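Below is one structure; the comments refer to it alone.
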Amino acid sequence: MQMSGAQMVIEALKHEGVDTVFGYPGGAIMNVYDEIYKQNDFQHILTRHEQAAVHAAEGYAKVTGKVGVAMVTSGPGFTNAVTGIADAYMDSIPLVVISGQVPMSLIGTDAFQEIDSVGISRSCTKHNYLVTDAADLPRVLKEAFYLAATGRPGPVHVDIPKDVTAQIAEFDYSRPVEMETYKPTTKGNARQIKKAIDAIAAAKRPLLYLGGGVINANAADEVRAFAKLTGIPAVETFMARGTMGADNPLVISMLGMHGSYAANMAMSETDLIIGLGARFDDRVTGKLSEFAKNADVIHVDIDPASISKLVNAEYPIVGDVKYVVEEMSALAKGKIDAERYAPWLETIEHFNKLHPLGYEEEPGVIKPQWVIERIGQLLGEKANISTDVGQHQMWTAQFYPFSRPRQFISSGGLGTMGFGFPAAMGVKRGDMERVSINVTGDGSILMNIQELMTSVEYKLPVINVILNNHFLGMVRQWQTLFYDKRYSETDLSMQPNWVGLVESFGGVGYNVETKEEFDAALKDAVEKNVVAMINVNVSRFENVLPMVPAGGSLFNMMLEYKDK
Amino acid sequence: MMENERRVVSVILQNEASALSRITDLFSARGYNIESLTVAPIPESKYSRLTIATSGSVRVIEQIIKQLHKLIPVLRVYEHADLVEKEMAMVKFPITENLSDIETLSKAYNGKIVNVGNDMLIAMVADEPKRVSHYLEAVKRFNPKEIVRSGTVALER
Ligand SMILES: Cc1ncc(C[n+]2csc(CCOP(=O)(O)OP(=O)(O)O)c2C)c(N)n1
Numbered sequence: 003m004q005m006s007g008a009q010m011v012i013e014a015l016k017h018e019g020v021d022t023v024f025g026y027p028g029g030a031i032m033n034v035y036d037e038i039y040k041q042n043d044f045q046h047i048l049t050r051h052e053q054a055a056v057h058a059a060e061g062y063a064k065v066t067g068k069v070g071v072a073m074v075t076s077g078p079g080f081t082n083a084v085t086g087i088a089d090a091y092m093d094s095i096p097l098v099v100i101s102g103q104v105p106m107s108l109i110g111t112d113a114f115q116e117i118d119s120v121g122i123s124r125s126c127t128k129h130n131y132l133v134t135d136a137a138d139l140p141r142v143l144k145e146a147f148y149l150a151a152t153g154r155p156g157p158v159h160v161d162i163p164k165d166v167t168a169q170i171a172e173f174d175y176s177r178p179v180e181m182e183t184y185k186p187t188t189k190g191n192a193r194q195i196k197k198a199i200d201a202i203a204a205a206k207r208p209l210l211y212l213g214g215g216v217i218n219a220n221a222a223d224e225v226r227a228f229a230k231l232t233g234i235p236a237v238e239t240f241m242a243r244g245t246m247g248a249d250n251p252l253v254i255s256m257l258g259m260h261g262s263y264a265a266n267m268a269m270s271e272t273d274l275i276i277g278l279g280a281r282f283d284d285r286v287t288g289k290l291s292e293f294a295k296n297a298d299v300i301h302v303d304i305d306p307a308s309i310s311k312l313v314n315a316e317y318p319i320v321g322d323v324k325y326v327v328e329e330m331s332a333l334a335k336g337k338i339d340a341e342r343y344a345p346w347l348e349t350i351e352h353f354n355k356l357h358p359l360g361y362e363e364e365p366g367v368i369k370p371q372w373v374i375e376r377i378g379q380l381l382g383e384k385a386n387i388s389t390d391v392g393q394h395q396m397w398t399a400q401f402y403p404f405s406r407p408r409q410f411i412s413s414g415g416l417g418t419m420g421f422g423f424p425a426a427m428g429v430k431r432g433d434m435e436r437v438s439i440n441v442t443g444d445g446s447i448l449m450n451i452q453e454l455m456t457s458v459e460y461k462l463p464v465i466n467v468i469l470n471n472h473f474l475g476m477v478r479q480w481q482t483l484f485y486d487k488r489y490s491e492t493d494l495s496m497q498p499n500w501v502g503l504v505e506s507f508g509g510v511g512y513n514v515e516t517k518e519e520f521d522a523a524l525k526d527a528v529e530k531n532v533v534a535m536i537n538v539n540v541s542r543f544e545n546v547l548p549m550v551p552a553g554g555s556l557f558n559m560m561l562e563y564k565d566k
Numbered sequence: 193m194m195e196n197e198r199r200v201v202s203v204i205l206q207n208e209a210s211a212l213s214r215i216t217d218l219f220s221a222r223g224y225n226i227e228s229l230t231v232a233p234i235p236e237s238k239y240s241r242l243t244i245a246t247s248g249s250v251r252v253i254e255q256i257i258k259q260l261h262k263l264i265p266v267l268r269v270y271e272h273a274d275l276v277e278k279e280m281a282m283v284k285f286p287i288t289e290n291l292s293d294i295e296t297l298s299k300a301y302n303g304k305i306v307n308v309g310n311d312m313l314i315a316m317v318a319d320e321p322k323r324v325s326h327y328l329e330a331v332k333r334f335n336p337k338e339i340v341r342s343g344t345v346a347l348e349r
């Protein structure tokens, strides 16, 4: 069928089953927006900033497991979107981002709102395209969705010049994707898998090290089954929170810079790491030369470049975690004797008792950790929890009882302040049944506060819980610990009227000073089911502990810090 | 910590506008070293062949190969073990220099004089990169005015 490039974009989105597009219009993308106006197949959500559109698409993608879609115009529209794209790239989130570009005849002339978008996005996308002929659009868009979702997922950027959106060409979406150069390996090598099982059977202190790849691969069930079958304990990375389920007796909480004592000690004492969809990030390993010194490594990952990048893997297995773990379970039956690891589990139990995750209550003040625990008690499984970036983010990862994968949505790799609120909006859109909470800081929330309008307009209620310490808390913590308390530019004593702010957009606000007020506010916000902001004044100088100072060894944790 | 090794890798990649910049961006973004890079289309195909000479520790080289492979337009990456490697160089000399000496020397490096003008002459050699360097060292005494090297190309034996 003959149609315009702009129509092709709409048709392609329909064929891909897209129900939501987050975006912001402008000159170069107007032809496409004109077609959006004429259709009812998907909803377009007008965020109030392009960065927010991409974060919302990320939240949507993370909670649903589908590809998120964002659309922006050329120049500033695109540059605003870059932070979101980079964020998605670092966390392997499947996105298709479509941007307008100046007409072909103007490309390279420094035209109004021209920027070399594909040049910019090259380093933060899985792949990108500048479409120079409308006839290529069906193939390109189909490839874009395919690339975003398969292999190691990631954002794909499609840049379309304005005249190409007007150009008429043949649209045929039925041709299967044929990419000679892209063939991700999904089935792990059978011999390697067998060797890995032999290594596990011979190990005394094996440890499952679970990363975000397990969630991306939808392999949490398989991983839980494998752990149960073999009795091997597991640590989760920040990105993998929820994989095992908080009440699973085999999970030893999170590891890494702000991981628990038990998790970090288990990693330091293990003799066999079974890395699944994890990439040995520097926030996890601490000082590499002292990381898990006595351990061999089995490393399962869909991305061959992740394997042995930082830590050498004796048993590299390239493949889809879901498939590989299924194979591992089949081989492990009757072969791996869980009894063998009983002393190891006792050791871990001992670590757990020695320094459990915790905090000190103080009369008259609300501890931020308490707020997280309380949300967990009141909402538990019924909420999806997004966060911004800072101390509140780490406390959420430490103290929320995540019971399922895709429940925790946060910016891991890039650590983007301003992520939480728009992402939580996308999460709500993707899962209308559950409450969408954004745990945020008084710094972070102001980085995308304009989304209050979007959230109200589209009835995508998010409950923003501000753990308000009147500081850029995480930076303040580093200043306390490593810069002699020189609090350079981290004091946020100057505060807006939070309640007035959210009310002016049509939402509800609460100022909370006591625990009872917090309970009441949360209940009220959930019941009202509108956009809310709960401003909780928490203790100002609380630190996230334990902490492995950057570049320190994992087993050398700062366990407490007494402020004198 | 680890010894740096020199390696030559060949990359077969799709002929498309931005393919080459994807490769060079990869090297700059990840801090890999490029010693030389040559590229030309493979006749009668939609692919180009790139020859990259690089150096790094074993782990870095391994990463380079994997990361190259990860680029979507890349079809194949060859890490050469046993290869024939050649590089070309052209040198411009003043006409006043000793023509026959230059000619003899160039011959020894699989080359010759390819152009003689009113006030300059150009010699060309094609040899292993290391030998090309020797040649360029040796011709210094003929006061070369301009030197251009092609970068290495290689084929597995
Ligand atoms: C866009 C961006 N700018 C700067 C930083 C550096 N940074 C990391 S945490 C942090 C402080 C966050 O403060 P707040 O949102 O109040 O959270 P808190 O740590 O107090 O919980 C800053 C500035 C960042 N991660 N992202």
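Respectively, the protein sequence lines represent chains A and B.
Residues in the first sequence are numbered from 3 upward in steps of one, following the numbering used here.
Residues in the second sequence are numbered from 193 upward in steps of one, following the numbering used here.
For each residue, glycine too, the CB sits at the ideal point set by N, CA and C.
None of the values given here were measured: they were computed from a predicted structure.
- Task: Mind checking who B/F285 pairs with in its DSSP beta bridge?
- Result: B/L313
- Message: Within a Cβ cutoff of 6 angstroms, which residues of the same chain sit near A/C126, ignoring the five residues on either side of it in sequence?
- Response: I87, A88 and Y91.
- Message: Suppose you measure from the CA of B/Q206 to the CA of A/I368; what does that come to, to the nearest Å?
- Response: 59 angstroms
- Item | chain B contact for A/R177 (CB, 8 angstroms cutoff) | No, no contact with chain B.
- Task: Could you tell me whether any non-hydrogen atom of ligand 1 is closer than 7 angstroms to the CB of A/T418?
- Result: yes
- Query: How many Å lie between A/Y26 and A/H301 at the Cα?
  - Reply: 41 angstroms
- From B/M193 to A/A55, what distance separates their C-alpha atoms? With a pLDDT of only 48 at B/M193, under the threshold of 50, the placement of this residue in the model should not be trusted; the figure read from the coordinates follows. About 45 angstroms.
- Task: For A/R124, decide whether its Cβ has a neighbour in chain B, counting only Cβ atoms nearer than 8 angstroms.
- Result: yes
- Would the C-beta of A/V391 count as close to ligand 1, meaning under 7 angstroms from any of its heavy atoms? yes
- Could you check the C-alpha separation between A/G422 and A/L416 for me, to the nearest Å? 13 angstroms
- In chain B, which residues lie with their C-beta within 8 angstroms of the C-beta of A/L139? Result: empty, since nearest Cβ-Cβ is about 16 angstroms, beyond 8 angstroms.
- Selection from B/A273, B/I257 and B/G248 that minimises the alpha carbon distance to B/V266: Of B/A273, B/I257 and B/G248, the residue nearest in Cα terms is B/I257.
- Message: If you reduce the DSSP assignment to three classes, tell me which class A/H46 lands in.
- Response: strand
- Query: Out of curiosity, what's the CA-to-CA distance linking A/M269 and A/D339?
  - Reply: 21 angstroms
- Message: Taking 8 angstroms as the threshold (beta carbon to beta carbon), is A/V104 in contact with chain B?
- Response: no
- Task: Using the Cα positions of A/S457 and A/Y512, report the straight-line distance between them to the nearest angstrom.
- Result: 17 angstroms
- Task: Decide if the segment 145-159 of chain A is in contact with the segment 122-136 of chain A; the criterion is three or more beta carbon pairs, one per stretch, under 8 angstroms apart.
- Result: yes
- Could you spell out the range, first to last residue, of the beta strand (DSSP E) harbouring A/L212? P208 to L212
- Could you say if the segment 197-206 of chain B and the segment 232-251 of chain B meet the contact criterion of at least three C-beta pairs nearer than 8 angstroms? yes
- Task: Could you list which residues in chain A have their beta carbon closer than 7 angstroms to that of B/I264, in chain order?
- Result: H129, L149, T183 and Y184
- Query: Can A/H394 be considered in contact with ligand 1, in the sense that its beta carbon sits closer than 7 angstroms to one or more heavy atoms?
  - Reply: yes
- Taking DSSP as the reference, what is the three-state secondary structure of A/Q169? coil
- Are any of the Cβ atoms in chain B nearer than 8 angstroms to that of A/A307? yes
- Comparing the CB of A/S291 with every heavy atom of ligand 1, is any distance shorter than 7 angstroms? no
- For A/G277: DSSP bridge partner residues: A/Y211 and A/H301
- CB A/A150 to CB A/G213, shorter than 8 angstroms? no
- Task: Inspect the beta-carbon positions of A/G382 and A/M419 and report whether they are closer than 8 angstroms.
- Result: no
- Within 8 angstroms (strictly less), CB to CB, does B/R199 reach chain A? no
- Query: What are the boundary residues of the alpha helix (DSSP H) that A/S438 is part of?
  - Reply: From DSSP, A/S438 is part of no alpha helix (DSSP H) but of the beta strand (DSSP E) over V437 to G443.
- Closer than 8 angstroms, CB to CB, is B/L328 near chain A or not? no
- Item | heavy atom of ligand 1 below 7 angstroms from A/N82 C-beta | no
- Item | Contact check, B/L260 vs B/V269, beta carbons under 8 angstroms | A contact, by the Cβ cut-off of 8 angstroms.
- Message: For a cutoff of 8 angstroms on Cβ pairs, would you count A/S310 as touching chain B?
- Response: yes
- Take A/A146 and list the residues in its own chain whose beta-carbon comes closer than 6 angstroms to its own, dropping the five residues that flank it on each side. V98, V158 and V160
- Message: Less than 8 angstroms between CB atoms is the rule here; does A/V120 satisfy it with respect to chain B?
- Response: At least one chain B Cβ lies under 8 angstroms of A/V120.
- Does ligand 1 have even one heavy atom less than 7 angstroms from the beta-carbon of A/M434? Here the distance from the Cβ of A/M434 to the nearest heavy atom of ligand 1 is not below 7 angstroms.
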